[in-house]
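Notes to accompany the following structure.
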Amino acid sequence: MSAGADGLPEGFPAGYGEPTTSYVLRVNGEARLIENAWIGENLLYVLRERLGLPGAKDGCGQGVCGTCTVQLDGVAVAACLIAAATLGDREVRTIEDLDNDTETGEVQRALVEFGAVQCGYCVPGVVASACALLARAPEPGEVEIRRALDGHPCRCAGPHPMVDAVRAAARRRVPQETHSTMMFNVIAPPSAGGAE
Ligand code: FES
Ligand code: FES
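My numbering puts the sequence shown at residues 128 to 323.
The structure is reproduced here in structure tokens:
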């Protein structure tokens, strides 16, 4: 494709890609400088194309497929829907960094075990969502797990293996004594000394 006078491919209007801005993005515990970037670039593009972090995948580009999911201040978000320049001090974590957490390994092992990893394209997003869920709800119920994974339609295995895997990972993380202690607390009668 031949370039026009201002360096843009022919047919692009003058000023295409403007306005630009420079900013600092907090990613995986580091402050990364983004220079002279179009102000509307989405987080997914910045992560993959500017910062060399390809873990979050580009799928639909419109918030439907979940392959681009990353954590923003611990909450799972679709990176394709967020303008990176607007994030300020908020902390982005991608699968490249989540991968260092013990909990992530547990979720990944369970996904493999339950047959939820086939082509693998959806998996980084599923892991980011599952880990965000388990961080805020260590013992999620089935409905909670299904809600958390709702935005991750897996074309290979469907939803059930990933739900079963996350449930299994959650069970393994919560020691059985905790279950018995919680049960005891629920059913223990009031103390003989009466109300305090
Ligand atoms: S690429 Fe972001 S939700 Fe599909
Ligand atoms: S493993 Fe292929 S889309 Fe989920």
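We put the beta carbon where it would ideally sit given N, CA and C, even for glycine.
Looking at C-alpha atoms only, which residue of the options is the closest neighbour of residue i?
| i | options | result |
| --- | --- | --- |
| Cys283 | Arg294, Tyr248, Ala262 and Leu261 | Tyr248 |
| Arg217 | Val301, Ala295, Leu152 and Pro136 | Leu152 |
| Pro286 | Ile272, Arg159 and Glu157 | Ile272 |
| Glu240 | Leu180, Val293 and Val301 | Val293 |
| Gly201 | Glu137, Val290 and Ala262 | Ala262 |
How would you call residue i, buried or exposed, if buried means at least 16 neighbouring beta carbons within 10 angstroms?
| i | result |
| --- | --- |
| Asn227 | exposed |
| Cys258 | buried |
| Gln245 | exposed |
| Pro288 | buried |
| Ser149 | exposed |
| Ala164 | buried |
| Ala255 | buried |
| Leu199 | buried |
| Leu225 | buried |
Hey, how far is the Cα of residue i from the Cα of residue j?
| i | j | result |
| --- | --- | --- |
| Glu145 | Leu178 | 20 Å |
| Thr194 | Glu162 | 26 Å |
| Thr147 | Ala212 | 10 Å |
| Val270 | Tyr172 | 32 Å |
| Asp185 | Cys207 | 8 Å |
| Ala295 | Cys281 | 19 Å |
| Met309 | Ala264 | Low confidence applies here, because Met309 scores a pLDDT of 46, under 50, leaving its location unreliable; read the following figure in that light. Cα to Cα, Met309 sits roughly 15 Å from Ala264. |
| Gly242 | Gly142 | 49 Å |
| Cys192 | Val301 | 30 Å |
| Arg299 | Val234 | 10 Å |
What is the C-beta distance between residue i and residue j, in whole angstroms, given that I count them as a contact (C-beta under 8 Å)?
| i | j | result |
| --- | --- | --- |
| Ala203 | Gly190 | About 12 Å separates the two Cβ atoms, so there is no contact after all. |
| Arg175 | Val197 | Not really, about 11 Å apart at Cβ, beyond 8 Å. |
| Ala210 | Gly167 | 6 Å |
| Asn155 | Glu230 | Not confirmed; about 16 Å, so no contact. |
| Pro267 | Leu276 | That pair is no contact at about 10 Å. |
| Pro251 | Gly182 | 5 Å |
(message) Please give me, in chain order, every unbroken run of the alpha helix (DSSP H) with length at least 4 that falls completely inside the segment 262 to 295.
(response) 269 to 275
(message) Quick check for students: name the residue ranges of the beta strand (DSSP E) that lie wholly in the segment 139 to 202, counting only runs of 3 or more.
(response) 147 to 154, 157 to 165 and 196 to 199
(request) Starting from the N-terminal side, write out each stretch of the alpha helix (DSSP H) that is 4 residues or longer and does not extend beyond the segment 208 to 236. (result) 222 to 225
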